[in-house]
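All remarks here apply to the structure that follows.
Residue numbers (the working numbering): 1 to 463.
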């Protein structure tokens with residue numbers, strides 16, 4: 001039949017092959033046109049979060065700050081601890097129903113009779129604290145410079161915490177970062193997210209991770225840094241990601257321990273295929289081990305562990321009333337996360353495994369930062385502000401193009417393979433399967449995290 005039209009089968013196959021190639025080339029060109037048109041930054045914007053109207057001018061000075069306490073504050077705490085009412089736990093429930101009240105009594109006994117808040121305040125003040133007014137809010141931060149040494153390159157690095165953590169999470173890693181690493185040392189800046197700890201809480205609606213990112217960029221500019229590195233986990237990951245999206249020229253590198261890809265059909269398809277043919281979708285053996293069984297690890301487990309998120313993303317002030325009034329309730333609410341988010345297996349232990357990775361003094365100091373500043377409710381509001389308008393958020397649709405380092409800890413709440421991360425983070429310099437650790441790596445495994453940050457910065461800076 002092809003002969004009737006003067007064609008041979010070879011000619012026909014060549015024509016179709018050429019057509020297929022043209023379609024493929026057209027698809028590739030269309031893809032690159034789309035990628036080239038894709039926004040690579042997000043607007044910096046502006047805001048005012050203080051009380052009342054924005055004044056004509058704002059104090060932009062940086063002031064020293066010292067954490068203080070008083071006998072009255074401690075007496076009030078002890079009185080509330082003494083009046084706590086407990087509910088007996090169910091038999092063999094361990095931490096599967098939440099914080100086990102039998103172990104809670106031990107924590108409260110330590111808090112009431114052993115824990116020394118004045119001593120911990122002195123420990124908190126070992127690093128220099130500051131405050132500065134940005135967009136109507138007093139923003140708290142610590143700034144730690146490395147010891148002066150010859151032939152040493154000092155690299156500015158901002159570390160940003162999440163919930164229910166605080167700047168105190170980084171106290172163990174700071175001395176590891178400020179020491180000399182073959183000619184490189186870090187100047188560390190750790191701010192408190194507005195509404196957390198010693199940073200003033202926003203007085204107006206709408207304060208989300210983008211607003212926090214803009215404030216922290218202003219902070220770094222005010223400190224005199226034109227270029228710097230960033231590290232974050234939990235909300236700190238979202239905030240530092242937004243900082244990189246706003247001012248990529250200022251962010252020399254972005255290092256994260258919690259990161260989320262852009263969901264798409266390719267990702268869904270890789271879940272179906274990846275368990276059986278991982279090489280086809282870019283999974284490694286370690287990815288397969290961490291992801292599957294997917295429903296158990298990433299659906300059912302997340303449903304079990306995210307009840308708090310739904311409450312805080314809808315009615316944070318209601319739950320906040322309870323935990324802001326009861327120090328024991330606050331401790332149970334916070335420390336339950338330091339149990340299960342460190343290792344989900346700890347839910348099957350009667351003590352939640354809390355003292356396997358942490359000391360009670362360290363855990364209670366983090367709780368006391370929330371308690372003494374009455375900042376739990378305002379910290380919980382950050383969920384509602386961020387989840388209230390997910391569909392229209394430009395930062396969710398925009399990629400990140402600065403050099404990025406990702407540290408994947410095995411007990412993080414959810415594992416995201418490198419191939420997924422690349423849908424959002426387009427310039428990944430390093431992706432490390434960390435050998436151990438969970439959601440609070442600077443608190444759990446400071447040496448491992450410090451080593452990964454150092455290798456990433458050296459790789460980006462070619463140091």
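Even glycine gets a Cβ: it sits at the ideal position worked out from N, Cα and C.
From a predicted model like this one, the values you see are computed outputs, not experimental measurements.
Around the beta carbon of residue 347, 16 or more other beta carbons lie within 10 angstroms, which makes this residue buried. Residue 382 carries a helical assignment under DSSP once its states are collapsed to helix, strand and coil.
The three-state reading of DSSP puts residue 413 in coil, since its state is none of H, G, I, E or B. Burial check for residue 264: the Cβ neighbour count within 10 Å stays below 16, so the residue is exposed. Secondary structure at residue 451: helix, using DSSP grouped into helix, strand and coil. Within the same chain, 156 come within 6 Å of residue 225 by CB-CB distance, once the 5 residues on both sides are set aside. In terms of Cα proximity to residue 65, the closest of 103, 452, 132 is 132. Of the residues 292, 332, 104, the one whose Cα lies closest to the Cα of residue 275 is 292. In the structure shown, the three-state DSSP call for residue 400 is strand.
Closest by C-alpha distance to residue 438, out of 290, 323, 456, is 290. If you draw a straight line from the Cα of residue 74 to the Cα of residue 143, it is about 28 Å long.
Remark: three or more beta-carbon pairs, one from each stretch, lie closer than 8 Å, so the stretch 186–203 and the stretch 362–377 are flagged as touching. Between residue 390 and residue 42, the CB-CB gap reaches or exceeds 8 Å. Contact between the stretch 39–54 and the stretch 397–409 is present, with at least three C-beta pairs closer than 8 Å. Under the 8 Å Cβ criterion, the stretch 347–366 counts as touching the stretch 84–103, having at least three qualifying pairs. When secondary structure is reduced to three states using DSSP, residue 258 falls in the coil class, being assigned neither helix nor strand.
Around the beta-carbon of residue 199, 16 or more other beta-carbon atoms lie within 10 Å, marking it buried. In the pairwise beta carbon analysis, the stretch 422–432 is classified as not touching the stretch 199–219: fewer than three pairs are separated by under 8 Å. For secondary structure counted as the alpha helix (DSSP H) over 4 or more consecutive residues, the stretch 58–124 holds these complete runs in sequence order: 71–82, 101–113, 117–124. A direct Cα-to-Cα measurement between residue 184 and residue 177 gives close to 9 Å. Residue 143 sits in a strand when the DSSP states are folded into three classes.
Counting C-beta atoms within 10 angstroms of its own C-beta, residue 447 has fewer than 16 neighbours from the protein chains shown and is therefore classed as exposed. Counting only runs that start and end inside the stretch 172–232, the beta strand (DSSP E) elements of at least 3 residues fall at 184–191, 228–232. With distances taken between CA atoms, residue 362 lies nearest to 442 out of 442, 306, 210, 450.
Judged by DSSP secondary structure, residue 269 falls within the alpha helix (DSSP H) whose first and last residues are 265–274. For residue 418, the uninterrupted alpha helix (DSSP H) run begins and ends at 418–421, by DSSP.
Closest in alpha carbon position to residue 366, among 196, 454, 392, is 196. Burial is judged here by how many other beta carbons sit within 10 angstroms of a residue's own beta carbon; residue 182 has fewer than 16 and is exposed.
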